[in-house]
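A.B. asks: Have a look at this one.
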Amino acid sequence: MCGIIGYVGNRPAVPLLLEGLQRLQYRGYDSAGLAVLAENGELCVEKSVGKLASLASGVR
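For the sequence shown, the UniProt record's numbering begins at 1 and goes up steadily by one.
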């Protein structure tokens with residue numbers, strides 16, 4: 001299964017995206033990832049295999 005979450009706004013994106021992915025977790029994750037545009041314009045990408053907790057620990 002596949003689930004995609006997106007956010008555009010002024011609030012910090014990572015907590016909102018992780019919450020959205022957590023709500024989709026019941027679908028059964030084998031991997032997850034985030035891509036966030038930093039204030040300096042750099043695209044920050046983080047990926048992990050396994051449960052969402054392993055991704056969350058890498059981005060917080």
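Glycine included, each C-beta is placed from N, C-alpha and C at the ideal position.
All of these numbers come straight from a predicted model, not from anything done at the bench.
Going by Cα to Cα distance, which pick from Ile-4, Gly-6, Leu-16, Glu-46 is closest to Leu-34?
C.D. replies: Glu-46
A.B. asks: How long is the line joining the alpha carbons of Glu-39 and Asp-30, rounded to whole angstroms?
C.D. replies: 30 Å
A.B. asks: Rounding to the nearest angstrom, what Cα-Cα distance links Ser-48 and Gly-9 in this structure?
C.D. replies: 25 Å
A.B. asks: Across which residues does DSSP place Lys-51 in a beta bridge pair?
C.D. replies: Answer is none; Lys-51 lacks a bridge partner.
A.B. asks: Per DSSP, which one or two residues make a beta bridge with Gly-33?
C.D. replies: Lys-47
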